[in-house]
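Let me begin by presenting the structure, written as structure tokens, before commenting on it.
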Amino acid sequence: MPEQNPEVAAPYGGGAKDAAAPAPVKRVRTHHLAQMKQRGEKITMLTAYDMYTAQTFDEAGVDMLLVGDSASNNVLGNETSLPITVDELIPLTRAVANSANRAMVVADLPFGSYQASPEQGYLTAVRFMKEAGAHCVKMEGGAEMAPVITKLVQGGIPVVAHIGFTPQSEHVLGGYRVQGRDDAAERVKADARAVQEAGAFAVVMEMVPGDVAGEITRELDIVTIGIGAGNQTDGQVLVWQDAFGLRTGKMARFVKQYADLHGVLLGAAKEYVADVRATTFPGAEHTF
Numbered sequence: 123m124p125e126q127n128p129e130v131a132a133p134y135g136g137g138a139k140d141a142a143a144p145a146p147v148k149r150v151r152t153h154h155l156a157q158m159k160q161r162g163e164k165i166t167m168l169t170a171y172d173m174y175t176a177q178t179f180d181e182a183g184v185d186m187l188l189v190g191d192s193a194s195n196n197v198l199g200n201e202t203s204l205p206i207t208v209d210e211l212i213p214l215t216r217a218v219a220n221s222a223n224r225a226m227v228v229a230d231l232p233f234g235s236y237q238a239s240p241e242q243g244y245l246t247a248v249r250f251m252k253e254a255g256a257h258c259v260k261m262e263g264g265a266e267m268a269p270v271i272t273k274l275v276q277g278g279i280p281v282v283a284h285i286g287f288t289p290q291s292e293h294v295l296g297g298y299r300v301q302g303r304d305d306a307a308e309r310v311k312a313d314a315r316a317v318q319e320a321g322a323f324a325v326v327m328e329m330v331p332g333d334v335a336g337e338i339t340r341e342l343d344i345v346t347i348g349i350g351a352g353n354q355t356d357g358q359v360l361v362w363q364d365a366f367g368l369r370t371g372k373m374a375r376f377v378k379q380y381a382d383l384h385g386v387l388l389g390a391a392k393e394y395v396a397d398v399r400a401t402t403f404p405g406a407e408h409t410f
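Taking the working numbering as reference, the numbering of the sequence shown is continuous, increasing by one, and the terminal residue is 410.
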């Protein structure tokens with residue numbers, strides 16, 4: 123058998139196991155997140171919809187990867203998150219789950235796949251766990267979703283709740299608006315208590331005033347993840363295309379952009395086009 127050339131790179135995850143290789147990375151579990159909250163350590167979450175972003179964010183130490191219904195308007199080209207289906211989200215979730223070694227993979231339940239009844243919600247969540255390899259699911263809604271959350275948790279499926287502004291209900295809420303100001307704060311607090319009592323191990327709070335989100339975080343035993351909810355929550359989540367500048371145009375106030383990936387890709391693509399047209403690519407070094 124010929125010896126393997128050490129200079130030829132093996133594919134990701136391929137090649138023989140080295141005896142001195144590091145021990146397998148421990149998967150982030152629900153109890154780890156609870157312990158982080160108790161220790162006051164901040165939790166990180168980003169969206170991911172494919173193997174390469176999942177691998178990259180996992181390597182960076184992101185704790186939770188959300189395969190969000192935001193794939194609808196960030197991957198599939200729809201105007202909102204509403205059109206995406208379970209069948210469209212499952213392959214994306216599977217790609218992320220197959221590629222992340224450490225991060226907890228959270229599958230978003232899309233609009234219309236769980237609101238009809240606890241039974242509908244359970245059957246949908248089971249598909250994400252069995253067919254896609256998700257570690258938990260996320261669903262929007264507060265007190266009204268408590269029976270669905272309870273059904274899932276009793277059936278062995280961990281749940282992340284989502285309160286405040288819930289994009290799947292944007293038409294009922296009157297568009298993208300902050301939730302929980304003034305008298306409405308009590309409703310958001312009641313929703314937070316309800317999802318905890320129903321059995322959710324974490325709750326995302328979107329576009330909630332920072333002081334309200336802070337009060338909820340201090341009151342709840344479960345983990346709170348903020349997006350547009352200030353810095354007093356236990357963790358933060360952003361859509362990666364927003365945070366790293368792949369998407370252009372006006373951003374929500376709560377988005378911080380850490381890179382300009384659109385600019386990098388645009389420049390590289392223009393250089394490629396110029397090389398091909400000038401016949402400088404492929405060169406001799408790229409030709410057999």
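For each residue, glycine too, the CB sits at the ideal point set by N, CA and C.
Exercise. Report yes if the C-beta distance between residue 331 and residue 375 is below 7 Å; otherwise report no.
Key: no
Quiz item: What residues match up with residue 212 in a beta bridge as DSSP calls it?
Solution: Partner(s): none; residue 212 has no beta bridge.
Quiz item: For residue 314, which of helix, strand or coil comes out of DSSP?
Solution: helix
Quiz item: Hey, how far is the Cα of residue 266 from the Cα of residue 382?
Solution: 40 Å
Self-check item: Pair within 7 Å by beta-carbon distance, residue 259 and residue 247
Solution: yes
Quiz prompt | residue 353 versus residue 373 - alpha carbon distance | solution = 19 Å
Practice problem: Answer yes if the region 161 to 177 comes into contact with the region 355 to 368, meaning at least three C-beta pairs across the two stretches below 8 Å, and no otherwise. | Solution: yes
Quiz item: Considering residue 260, what are the terminal residues of the alpha helix (DSSP H) in which it resides?
Solution: No alpha helix (DSSP H) contains residue 260, which is instead part of the beta strand (DSSP E) from 258 to 262.
Quiz item: Do you know whose CA, among 318, 356, 321, lies nearest residue 335's CA?
Solution: 356
Quiz prompt | Reference residue 148, options 251, 164, 238, 224, closest by Cα | solution = 224
Self-check item: Collapsed DSSP secondary structure at residue 397 in the structure displayed
Solution: helix
Practice problem: Measure the alpha-carbon distance for residue 281 versus residue 181 and round it to whole angstroms. | Solution: 25 Å
Practice problem: Taking residue 342 as the reference, give the member of 318, 348, 203 with the closest Cα. | Solution: 318
Exercise. Output the distance between the C-alpha atoms of residue 411 and residue 222, rounded to the nearest integer angstrom.
Key: Beyond the ends of the chain as shown, which are 123 and 410, falls residue 411; an answer cannot be given.
Quiz item: Are the region 188 to 204 and the region 385 to 399 touching, with three or more C-beta to C-beta distances below 8 Å?
Solution: no
Quiz item: Just to confirm, does residue 287 get its C-beta within under 6 Å of one of the non-hydrogen atoms of the ligand PLP?
Solution: Absent from the structure shown: the ligand PLP. Ligands present: none.
Quiz prompt | Under the three-state DSSP convention, the category residue 328 falls into | solution = strand
Quiz item: Where are the alpha helix (DSSP H) runs, 4 residues long or more, that stay fully inside the region 157 to 223, in chain order?
Solution: 173 to 182, 193 to 196, 208 to 221
Practice problem: Would you please state the rounded distance, in angstroms, between the beta carbons of residue 186 and residue 150? I believe it to be under 8 Å. | Solution: 7 Å
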